[in-house]
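Scroll down for the structure; my scribbles are underneath it.
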């Protein structure tokens, strides 16, 4: 098996505020909304990020973001 893509996912309670927050962080709106409750950013050809609305599981995800130039604070 050869992996060709990796998607990190953050489970959140409320989709629209999360989209606004991550759109600010990534500097653009989501690249795809493939189904209800899901927004996706394609950050590189082989890497992406998703927010998934699931109030029961929200708050149980973690993600590490390394940035080479934090000239301003991240949003929020």
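Residue numbers (the numbering used here): 2 to 77. Note that beta-carbon positions come from the ideal geometry of N, C-alpha and C, so glycine has one too.
Can you tell me which of the options puts its alpha carbon nearest to the alpha carbon of residue i?
i          : options         : result
residue 17 : 61, 8, 7 and 31 : 31
residue 48 : 4, 8 and 2      : 8
residue 65 : 19, 50 and 56   : 50
residue 67 : 21, 13 and 27   : 27
For a test of the three-state rule: what should DSSP assign to residue i, helix, strand or coil?
i          : result
residue 41 : strand
residue 25 : helix
residue 56 : coil
residue 33 : strand
residue 9  : strand
In angstroms with no decimal places, state the Cα-to-Cα distance between residue i and residue j.
i          : j          : result
residue 5  : residue 56 : 30 Å
residue 15 : residue 44 : 22 Å
Quick one: using the 10 Å Cβ neighbour count with 16 as the cut-off for buried, is residue i buried or exposed?
i         : result
residue 3 : exposed
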